[in-house]
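Before any comments, here is the structure.
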Amino acid sequence: MYTLVDFITHVKGIEYILSLLAIAVFLVFWETLKPRPFRTVVNTGKDDLEHVKEAGGFKSVLKSIGKIAAAPFIGLAYIV
11 MYTLVDFITH VKGIEYILSL LAIAVFLVFW ETLKPRPFRT VVNTGKDDLE HVKEAGGFKS
71 VLKSIGKIAA APFIGLAYIV
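Just add 10 to wherever you are in the sequence shown, counting from 1, and you've got the working numbering.
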């Protein structure tokens with residue numbers, strides 16, 4: 011860190027990581043205060059897995075991910 015810009019960038023990066031960590035710790039703490047912690051997370055996960063099975067399984071998920079990954083390149087092709 012020889013310049014002021016290097017120092018500020020380093021400090022801001024650490025602040026960003028610390029703020030994300032603080033939010034994550036707060037969410038985990040908030041869930042542990044509930045009578046049945048992480049119940050909604052487990053139920054949502056089960057519902058998601060059930061939806062994936064109904065929609066066509068893992069093949070359908072990979073197809074959707076492929077479309078999402080290709081979208082920026084298709085948009086760039088329209089611009090060019």
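All C-beta atoms, glycine included, are put in the ideal place defined by N, C-alpha and C.
First and last residue of the uninterrupted alpha helix (DSSP H) at Tyr88: First-last of the alpha helix (DSSP H) with Tyr88: 68-89.
Reduced DSSP secondary structure (H/G/I, E/B, other) of Tyr26: Reduced to three states, the DSSP call for Tyr26 is helix.
DSSP three-state assignment for Thr13, whether helix, strand or coil: Shown here, Thr13 sits in coil according to DSSP, grouped into three states, outside any helix or strand.
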